[in-house]
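If you're matching them up, the sequences are chains A and B in order.
For the first sequence, my numbering gives the first residue as 7, with consecutive numbering after it.
For the second sequence, my numbering gives the first residue as 7, with consecutive numbering after it.
Glycine residues also receive a C-beta, built at the ideal position from the N, C-alpha and C atoms.
This report concerns only the one structure given below.
2 protein chains.
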Amino acid sequence: MEELTILPHNPGAAVAILGGTGQQGRGLAQRFARAGLRVTVGSRDPARAREAVAGWTGSPSAPPIQVADNAAAVATADVTVLAVPYATIDPLLDQLRTQFKAGSLAIDLTVPVTFAAGKMAMLEVAEGSAAEHIRARLPAEVRLACTFKTIPAHLLGAGFEPLDCDEFVCGDSDEARADAAALVGLLPGLRPVDVGPLSRARSIEHMTALAIAINRRHKIHDARFRVVGL
Amino acid sequence: MEELTILPHNPGAAVAILGGTGQQGRGLAQRFARAGLRVTVGSRDPARAREAVAGWTGSPSAPPIQVADNAAAVATADVTVLAVPYATIDPLLDQLRTQFKAGSLAIDLTVPVTFAAGKMAMLEVAEGSAAEHIRARLPAEVRLACTFKTIPAHLLGAGFEPLDCDEFVCGDSDEARADAAALVGLLPGLRPVDVGPLSRARSIEHMTALAIAINRRHKIHDARFRVVGL
């Protein structure tokens, strides 16, 4: 199957955000809708999600955001954003893996960390990274890129201020990375930095761990990164 | 033994740079000497090192840099910088571990990566990170911090331009981190960012891997990082 990028040719592409009522999912849903994408928040509980989404989009000028159950959201999506905790990925993909459109793009933004006994630590992942773990559970005809792993959830969900940092992108093909970079580029103040194949995801996940460590140690909330020299 | 910081009380502290004729070691030796530290380049071959160092310090205004064999350099050092490739750490520490002064500080800046078949990849390290590998091979009375892992060697060795980025510091005590941060602070344009215990070193090593990946993919040389929001 020839791969094609989606976003450069289709500024109104359909994007499903799973886990759309968390800070990260909410922020991406609102920002993508504002950028002109057709956004559907997928939920296990669409009635509750509809209520949450109505709370954000109350103003008449807010762009519309649809709500559907997870399976329906994924089935119609050009891009599916997995904005759910890493610990819930396995049952979610068990349920949804046959729903994805062939040639559609999944975006992994999970970070495999634990906070056991107040200490943050990286989880070991047999496949090497959360992204590779997800790759192993998606059908081959669904493309996968990883991005939005290091941007603080709190900042994404807090409004529409420019984000003022870089966001790393890796993926299993040039086309998957180009689409993920196009998504990143839709968010004001966020620059995509292509770091190559999906096997780089572990390094990106470590950067998120470092940002969390910096937040905790320095009592701040929004540590994030800028690449200098690029 | 009560731990004490070295650098805040002793601006003329004795610093040994092992591997001082590589780009990284050369850059640190020259920059620390210029900042007023008493710098000794340690080498397996002092005659050859003396020739190399004379080449850098030819100008009458250059601050002096001593040369000694590795054991003599370490024996008199308040701070020993391990500016050698990760692959050479084991035999080096086998030879030198009894030479370190009690209470002195070792600085690990190694990065466990390989470039087999043109592909850069992180090496697995049984102890978790290169820093923890080194910790396991140093006497308990020698303190250890890790820093200067992400600043590009090429940039460090290229002159005295401000470095314009952040450098991550982790270590096995508050005092070790404070000393390492003070060393970082001696280099114009470099801001130390304390990320906590030595167990964070693996995340820092992954950042270096990511910087190398960015350099190779984008055909640049000096990718490095700035923390935004701190």
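Original post:
Below 8 angstroms between beta carbons: does that hold for D6/A and R141/A?
Top reply: Past the edges of chain A, shown from 7 to 236, lies residue 6/A, and the structure says nothing about it.
Subject >> Buried or exposed by the 16-neighbour rule on C-beta atoms within 10 Å, applied to E57/B >> reply: exposed
Original post:
Which whole-angstrom value is the C-beta distance of L196/B and C171/B, which I expect to be below 8 angstroms?
Top reply: 7 angstroms
**OP:** Find the residues of chain B that neighbour A219/A, judging by a C-beta separation of less than 8 angstroms, and give them in chain order.
**Re:** V201, G202, R206 and S209
Original post:
In its own chain, which residues sit with a C-beta less than 7 angstroms from the C-beta of A77/B, not counting the 5 before and 5 after it?
Top reply: L102 and Q105
**OP:** Could you give the DSSP three-state label for E130/B: helix, strand or coil?
**Re:** coil
Subject >> Cβ-based neighbour list, Y92/B, same chain, cut-off 7 angstroms, excluding 5 preceding and 5 following >> reply: T116, V117, P118 and A136
**OP:** Would you give the residue range spanned by the beta strand (DSSP E) that L111/A belongs to?
**Re:** L111 to D114
Subject >> Inter-stretch contact (C-beta, 8 angstroms, three-pair minimum) for the segment 30-44 of chain B and the segment 155-169 of chain B >> reply: yes
Original post:
In chain order, what residues of the same chain lie with their CB nearer than 6 angstroms to the CB of R206/B, ignoring the 5 residues before and after it?
Top reply: C176
**OP:** Might you give, ordered along the chain, the residues of its own chain that have their beta carbon closer than 6 angstroms to the beta carbon of T86/B, omitting 5 neighbours on each side?
**Re:** A22, V80 and A112
Original post:
When burial is assigned at 16 or more other CB atoms within 10 Å of the CB, is M7/A buried or exposed?
Top reply: With a pLDDT of 45 at M7/A, under the threshold of 50, the modelled position of that residue is not reliable, and no figure is offered here.
**OP:** Out of V234/B, G235/B, V233/B and T214/B, state which residue places its alpha-carbon closest to the alpha-carbon of H227/B.
**Re:** T214/B
**OP:** Spell out the partners DSSP gives Q238/A in its beta bridges.
**Re:** Here chain A has residues from 7 to 236 only, and residue 238/A is not among them.
**OP:** Pull up the distance between the alpha-carbon of A53/B and that of T94/B, whole angstroms please.
**Re:** 21 angstroms
**OP:** Would you mind telling me which residues of chain A sit closer than 7 angstroms to D228/B, beta carbon to beta carbon, in chain order?
**Re:** G235
Subject >> Contact check, T27/B vs V47/B, beta carbons under 8 angstroms >> reply: yes
**OP:** Using the Cα positions of L129/A and T120/A, report the straight-line distance between them to the nearest angstrom.
**Re:** 7 angstroms
**OP:** For P198/A, count neighbouring Cβ atoms within 10 angstroms of its own Cβ and tell me buried if that reaches 16, exposed if not.
**Re:** buried
Subject >> Which of helix, strand or coil DSSP assigns to L24/A >> reply: strand
**OP:** Can you tell me which of V131/A, A41/A and P145/A puts its alpha carbon nearest to the alpha carbon of H139/A?
**Re:** V131/A
Original post:
Which of the three DSSP states, helix, strand or coil, is assigned to L88/A?
Top reply: strand
Original post:
Would a C-beta distance cut-off of 8 angstroms place L204/A and L144/A closer than the cut-off?
Top reply: no
Subject >> Nearest neighbour of R50/A, chosen from D180/A, N16/A, L189/A and L24/A [CA to CA] >> reply: L24/A
Original post:
Between E167/B and V234/B, what straight-line distance do the alpha-carbon atoms span, to the nearest angstrom?
Top reply: 22 angstroms
**OP:** Might you give, ordered along the chain, the residues of its own chain that have their beta carbon closer than 7 angstroms to the beta carbon of G191/A, omitting 5 neighbours on each side?
**Re:** P198
Original post:
If the cut is a Cβ gap below 7 angstroms, which residues of chain A does A215/B touch?
Top reply: S209
Original post:
Would DSSP call F38/B helix, strand or coil?
Top reply: helix
Subject >> Where the alpha helix (DSSP H) containing E57/B begins and where it ends >> reply: P52 to W62
**OP:** Give the interface partners of C171/A over in chain B, defined as CB-CB distance under 7 angstroms, in chain order.
**Re:** V234
Original post:
Considering only the beta carbon of each residue, do Q72/B and G163/B sit closer than 8 angstroms?
Top reply: no
**OP:** Examine chain B for any beta-carbon lying closer than 8 angstroms to the beta-carbon of R143/A, and answer yes or no.
**Re:** no
Original post:
To which residues of the same chain is R183/A closer than 6 angstroms at the C-beta, ignoring the five residues directly before and after it?
Top reply: A151, V175, G177 and D200
Original post:
Using a C-beta cutoff of 8 angstroms, does F121/A count as contacting chain B?
Top reply: no
Original post:
With a cut-off of 8 angstroms, does the C-beta of H224/B fall near any C-beta of chain A?
Top reply: yes
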